[in-house]
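Novice:
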Amino acid sequence: MKPLRFFYVPNEGTEGDQVGPRKAFRLLHEQGVFSAYTAYSYLVERGKAASHGQALERLLAAVEAFQPDVIYFQHLNGSYPVDSAYVQRLKSVASKPKFVWHDPDPYGKFIKPLDTTMKAALAESDMAILVGLGYLAEHVRRAGAKRVLSAPHSYDDERFGQAWQPTLTRSYDALMIANLHCLKRVPFLYMPGGRNRKVMSRAFHRAYGE
Numbered sequence: 008m009k010p011l012r013f014f015y016v017p018n019e020g021t022e023g024d025q026v027g028p029r030k031a032f033r034l035l036h037e038q039g040v041f042s043a044y045t046a047y048s049y050l051v052e053r054g055k056a057a058s059h060g061q062a063l064e065r066l067l068a069a070v071e072a073f074q075p076d077v078i079y080f081q082h083l084n085g086s087y088p089v090d091s092a093y094v095q096r097l098k099s100v101a102s103k104p105k106f107v108w109h110d111p112d113p114y115g116k117f118i119k120p121l122d123t124t125m126k127a128a129l130a131e132s133d134m135a136i137l138v139g140l141g142y143l144a145e146h147v148r149r150a151g152a153k154r155v156l157s158a159p160h161s162y163d164d165e166r167f168g169q170a171w172q173p174t175l176t177r178s179y180d181a182l183m184i185a186n187l188h189c190l191k192r193v194p195f196l197y198m199p200g201g202r203n204r205k206v207m208s209r210a211f212h213r214a215y216g217e
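Below you can see the structure in the form of structure tokens.
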């Protein structure tokens, strides 16, 4: 496979916040997997535009100027509205790039459903990347995703994973860090997949005790 021209569209409110993916893609460029690489922080750039329409045109212009093989769009949803026709315009530049939709969040049928923008983007995507499969994969397939892959959350070894002195004694052998909030303060109404975290922690407790 020839090296790719890779156009990364990170989900970040401040330029450079997606430290892990940016580092990974930069390394792939240095290793020759990508022949060219650029990141376009779409939320930051929208803040510089006079309107959302202008922001969309500027993004399209950046894609046209770069002529990528792949557009890797992160967390595209109703907070940055687009329709199928716009995604088709992105894919219609001369290089005819593949459109990859990536989202690390869980979604459900009734709680936190896929919105109109997400469905439009998924229907036009060449690949959808999730951090879980099962019901979530079926959910995006029903929205029109043609190919679905699973990838774990990215790891930021620039701000974490540095040298440290391990503690000699610890209160617990395992520690789970996760959100476990109920929606609208309604007991037992969890975000998609949220209840499974409590189920798993209780199962571990029953098996191994304190």
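For the sequence shown, this note's numbering begins at 8 and goes up steadily by one. Cβ atoms here follow ideal geometry from the backbone N, Cα and C, with glycine treated the same way.
(1) Could you check which residue in 142, 48, 201 has the C-alpha nearest to that of residue 62?
(2) Counting only C-beta atoms, is residue 174 closer than 7 Å to chain C at any point?
(3) Could you please give the first and the last residue of the uninterrupted alpha helix (DSSP H) stretch that includes residue 105?
(4) Could you check where the alpha helix (DSSP H) with residue 6 kicks off and where it finishes?
(5) Taking the alpha-carbon of residue 152 as reference, which of 137, 211, 8 has the nearest alpha-carbon?
(6) Buried or exposed for residue 206, please, with buried defined as at least 16 other CB atoms from any protein chain shown within 10 angstroms of its CB.
(7) Go through the stretch 54 to 105 residue by residue and report every complete run of the alpha helix (DSSP H) that reaches 4 residues or more, in order.
(8) Quick one: residues in its chain with C-beta nearer than 6 Å to the C-beta of residue 158, no 5 flanking neighbours on either side, listed in chain order?
(9) Report yes or no: do the stretch 168 to 182 and the stretch 31 to 45 share at least 3 C-beta pairs separated by less than 8 Å?
(10) For a quick check, are the C-beta atoms of residue 14 and residue 73 less than 7 Å apart?
(11) Is residue 43 closer than 7 Å to residue 12 when the C-beta atoms are compared?
(12) Which residues mark the beginning and the end of the alpha helix (DSSP H) in which residue 176 is found?
(13) Hey, how far is the Cα of residue 91 from the Cα of residue 166?
(14) Whole angstroms are fine: how far does the CA of residue 162 sit from the CA of residue 183?
Specialist: Once the coordinates are examined:
(1) 48
(2) No chain C appears in the structure shown, which is made up of a single protein chain.
(3) Here residue 105 belongs to no alpha helix (DSSP H); instead the beta strand (DSSP E) covers 105 to 109.
(4) Residue 6 falls outside the range modelled here, since the chain spans only 8 to 217, and no answer is possible.
(5) 137
(6) exposed
(7) Counting only runs of 4 or more, we get 59 to 73, 91 to 98.
(8) 136
(9) no
(10) yes
(11) yes
(12) Residue 176 -> no alpha helix (DSSP H), and no H or E assigned at all.
(13) A direct Cα-to-Cα measurement between residue 91 and residue 166 gives close to 37 Å.
(14) 17 Å
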